[in-house]
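K.L.:
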């Protein structure tokens, strides 16, 4: 068989391309239908296009590759090259991770973005020590309180079994007299159906995703905070990319952050309307409950600053600066 110089060159080019192509696995805790996951898929597709196929990111939704509480460690260890996680769920490692979940510190999309910018330098430094590079983050809609009964007085919260998803939500439960139980997103539906928990603080998005009206009756739109899902890469994997591919990744991450934030704001009111249209009583909290939550927020802000020290104060000062 004879090979022309042109065919040899073409074959060499194909082999070279195959040798440099990379596939990154991206575990995610939330279902494929969730807007965070849809946004990540758009991000992955854009990265593949921008890099000419040199970097392919494969989404593994719904905790199918790693469960929610396993994702961050998997990326740290290089078992996955990229992942998405609610970093506040790891506040037991470093309280800085809970910057976005301090009650009533940032209660709007605009405030959440300002807080993200204020926290990013400190957050990046902490994550770098764990072999992680943050790429982008997208907020959830403001958090509201869900119950399986009407609640108009703080005393009516006492003893209620409460779904916690991080140390912050567990502390909210404790300070309001409820009993916290750690439940990951993938296990929430079963926990509600079996009565393991009968209350939670979460966004309208989660309520719609899990059809919580099948097990709960009341939603109080307290707008406590806007937690953020952060997409991050293994520092080793990130630094192993060519300059061109790395630029594609970071450019598309910036676009994903803007796109996801816009989608969250667009969907926020619709989620609450969907809860109401499926039979849930949707109301603002009573004055008595609001006063109790404000008291809890002040307590938890002080506690967070005590724990984070100078790093936390730096974030707060930057956030409150004009």
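Residue numbers (mature numbering (1 follows the signal peptide of the UniProt record, and there is no 0)): -21 to -1, 1 to 301. For each residue, glycine too, the CB sits at the ideal point set by N, CA and C.
Which partner residues of residue 63 appear in the DSSP bridge assignment?
P.N.:
Translated into positions along the chain shown, residue 63 becomes position 84. According to DSSP, which records beta bridges pairwise, residue 63 is partnered with 210.
K.L.:
Taking Cβ to Cβ, would you say residue 2 is nearer than 8 Å to residue 10?
P.N.:
Your numbering for residue 2 matches position 23 in the chain shown. Your numbering for residue 10 matches position 31 in the chain shown. No.
K.L.:
Whole beta strand (DSSP E) runs in the segment 107 to 138 with 3 or more residues, listed along the chain?
P.N.:
As far as the segment 107 to 138 is concerned, its whole beta strand (DSSP E) runs of at least 3 residues are 111 to 118, 123 to 126.
K.L.:
Residue 74 and residue 286: beta carbons closer than 8 Å?
P.N.:
Within the chain shown, numbered from 1, the residue matching residue 74 stands at position 95. Within the chain shown, numbered from 1, the residue matching residue 286 stands at position 307. For residue 74 and residue 286, yes; Cβs fall inside 8 Å.
K.L.:
From the DSSP output, in three-state form, read off residue 26 for me.
P.N.:
Mapped onto the chain shown, residue 26 falls at position 47. Looking at residue 26 - three-state DSSP - the assignment turns out to be helix.
K.L.:
Tell me the DSSP bridge mates of residue 4?
P.N.:
Residue mapping note: residue 4 aligns to position 25 of the chain shown, counting from 1. 37, per the DSSP bridge assignment.
K.L.:
Locate the beta strand (DSSP E) running through residue 141, then write down its first and last residues.
P.N.:
Position 162 of the chain shown, counted from the start, is the residue given in the question as residue 141. Unbroken beta strand (DSSP E) run through residue 141: 140 to 143.
K.L.:
Let me know the secondary structure DSSP gives residue -11 once reduced to three states.
P.N.:
To locate residue -11, count along the chain shown from 1; it is residue 11. Legend: pLDDT at residue -11 = 48, less than 50; position of this residue unreliable, no value from coordinates given.
K.L.:
Could you compute how far the alpha carbon of residue 213 sits from the alpha carbon of residue 239?
P.N.:
In the chain shown, counting from the first residue as 1, residue 213 sits at position 234. In the chain shown, counting from the first residue as 1, residue 239 sits at position 260. Going by the C-alpha atoms only, they are around 22 Å apart.
K.L.:
CA-CA distance, residue 246 and residue 117?
P.N.:
Translated into the one-based positions of the chain shown, residue 246 becomes position 267. Translated into the one-based positions of the chain shown, residue 117 becomes position 138. The straight-line gap from Cα to Cα measures roughly 13 Å.
K.L.:
From residue 69 to residue 47, what does the alpha carbon distance come to, in whole angstroms?
P.N.:
Taking the first residue of the chain shown as 1, we reach residue 69 at position 90. Taking the first residue of the chain shown as 1, we reach residue 47 at position 68. Each residue's Cα considered, the two are about 11 Å apart.
K.L.:
I'd like the span of the beta strand (DSSP E) that includes residue 260, first residue to last.
P.N.:
Sequence index remark: in the chain shown, residue 260 carries index 281 (1-based). 260 to 262 is the extent of the beta strand (DSSP E) around residue 260.
K.L.:
Could you spell out the range, first to last residue, of the alpha helix (DSSP H) harbouring residue 298?
P.N.:
Locating residue 298 in the chain shown gives position 319, counting from the first residue. Start and end: 266 to 299.
K.L.:
Which of the three DSSP states, helix, strand or coil, is assigned to residue 86?
P.N.:
Within the chain shown, the letter at position 107 stands for residue 86. Three-state DSSP puts residue 86 in coil, outside helix and strand.
K.L.:
Considering Cα atoms alone, identify which of 158, 191, 174, 168 is closest to residue 123.
P.N.:
For the purposes of this step, residue 123 is taken as the residue at position 144 of the chain shown. The option with the nearest alpha carbon to residue 123 is 191.
K.L.:
Among all the DSSP beta bridges, which residues are the ones paired with residue 198?
P.N.:
By 1-based counting over the chain shown, the position of residue 198 is 219. 125, 261, per the DSSP bridge assignment.
K.L.:
What are the boundary residues of the beta strand (DSSP E) that includes residue 173?
P.N.:
Residue 173 sits at position 194 when you count from the first residue of the chain shown. Here residue 173 belongs to no beta strand (DSSP E), and DSSP marks it neither H nor E.
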